[in-house]
Amino acid sequence: MQVAKAQTFEVEQIEQLFRPRIRVESKYIFDSKFSDTTGVFNQKKVNGVFTFPIKTKFSADVKLDLKSIKLKDIINNSVRFKASQTLGIVRLTARQINIGFDSLPQKNIANVTAGVLGLRLSKKYRVQFYSATITIAEQDKTIDNAVPRFSALFGQLHLRGLRRNFFYGIAATYSDGLLIPSPFFGGSEPIGKHFVFNYTLPAQINLQYKNDKNLLITVGASFDGYRNGIMYVAKRKNMNYLAGLAYANFRYKFSKTLVGRIEGGYVFYQNIKYTKTEGIPTQFALNPGPYVQVGFSVLFGKTFWEKVFDNVIKN
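Read left to right, the sequence shown gives residues 46 to 360 (our numbering).
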């Protein structure tokens, strides 16, 4: 169940709603021994995500409401901003994993995801966001029997300042016969001038430090995981991989459109579980191990809030 919780919702997904981008990253998990069998596990991953605008709407409606004599209430009751944006998302992921005890230890896995992301500014100036995606996640030897997997979420973000917010919602994944709904709750709380504490329960927590406009340092812990089709004992099965990791991430903004990042961390918990098979072991624990990840993002256009300001407030 935890695999779906870690996989369904990413705090980065909210960030992507606010500005289209191309993001490319590569991750390597170093050799980790199996706890109860022979061989080692390692993983190489390359991931690319493209979010692009499909439809954007902005408008303002002014109807004078004098039920209250307070200026703040008059403005809130009389002015109605309407803003919404829909974006498309395409994600391509290639993994090469080594399962040491298997007679053919090297597995090549491909994931293709497509869907929509959206957000809408409500009457109370809260941001409602949603996503719906379909994914194919298969080993090269099982691609002919691929099964589509579906994910969706809906949530609402409450702004409490430039750096303070909280959000909540419900996410669900249907993955080859497995249906798991998962509520989530998260937010950001500033600590002094340079620190922000972020949390997305039950998946991750982190602390960010920002001393200038370009450098952002993040330390935290999170759960990660995936579920894909794989050949096991000469039959197509589903493999669930779940990991708990602690990390430090350095992100640097080279320009208005180019952002680079490097991350290093320690996978303190790892587990592989296959679809149940009579008389054959299906769950394997792994020892902890380090990992490293590098990537970059190319940003396009303006953020959602810049568009609101340009199209509604300035006009």
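Cβ coordinates follow ideal geometry from the N, Cα and C atoms, glycine included.
Asked	Found
Throw me the rounded Cβ distance for the F195 and I215 pair, which I believe falls under 8 angstroms.	In fact, because the Cβ distance is near 14 angstroms, the residues do not count as touching under 8 angstroms.
Start and end of the beta strand (DSSP E) containing P150?	That residue, P150, is in no beta strand (DSSP E); it is neither H nor E in DSSP.
Of all the options Q88, R66 and R64, which has the alpha carbon lying nearest to the alpha carbon of L287?	Q88
With a threshold of 8 angstroms, are at least 3 pairs of Cβ atoms found where one atom belongs to the region 273-281 and the other to the region 240-256?	no
DSSP state of N325, grouped into three classes?	The question names Asn, but residue 325 is Ile in the sequence shown. Coil.
Do I74 and Y314 have their CB atoms nearer than 9 angstroms?	no
Helix, strand or coil for N190? Go by DSSP, reduced to three states.	helix
Considering just the uninterrupted stretch of the beta strand (DSSP E) at T263, what are its terminal residues?	L260 to Y277
So, using beta-carbon positions, are G231 and Y219 closer together than 9 angstroms?	no
If you draw a straight line from the alpha carbon of G133 to that of I99, how long is it in whole angstroms?	6 angstroms
If we ignore side chains and look at the alpha-carbon of each, how far apart do T327 and K321 end up?	6 angstroms
Go ahead and pull the three-state DSSP assignment for A288.	strand
In whole angstroms, what is the alpha-carbon distance linking I119 and V343?	Its pLDDT being 44, under 50, I119 is placed unreliably by the model, and the measurement read from it follows with that caveat. Each residue's alpha carbon lies about 42 angstroms from the other.
So for D76, helix, strand or coil by DSSP?	strand
Taking 7 angstroms as the limit between beta carbons, can you name the residues of its chain near G340, skipping five residues before and five after?	R68, V69, E70, S71 and R306
Would you give the residue range spanned by the beta strand (DSSP E) that Y170 belongs to?	Per DSSP, Y170 belongs to no beta strand (DSSP E) and is neither H nor E.
Distance, Cα to Cα, P228 vs F268?	15 angstroms
Are the region 159-174 and the region 127-147 in contact at 8 angstroms, needing three or more beta carbon pairs?	yes
To the nearest angstrom, how far is it from the Cα of G346 to the Cα of Y292?	30 angstroms
If we ignore side chains and look at the alpha-carbon of each, how far apart do F199 and N243 end up?	19 angstroms
By the three-class DSSP mapping on this structure, what secondary structure does S342 have?	strand
Could you tell me which whole beta strand (DSSP E) segments of length 3 or greater appear in the region 208-263?	210-220, 223-236, 240-246 and 249-255
Locate the beta strand (DSSP E) running through G206, then write down its first and last residues.	Taken as a continuous stretch (DSSP letters only), G206 belongs to no beta strand (DSSP E), as it is neither H nor E.
Tell me whether the region 183-191 and the region 144-160 touch, counting them as touching only if at least three CB pairs, one residue from each stretch, are closer than 8 angstroms.	yes
F86 and I142: beta carbons closer than 9 angstroms?	yes
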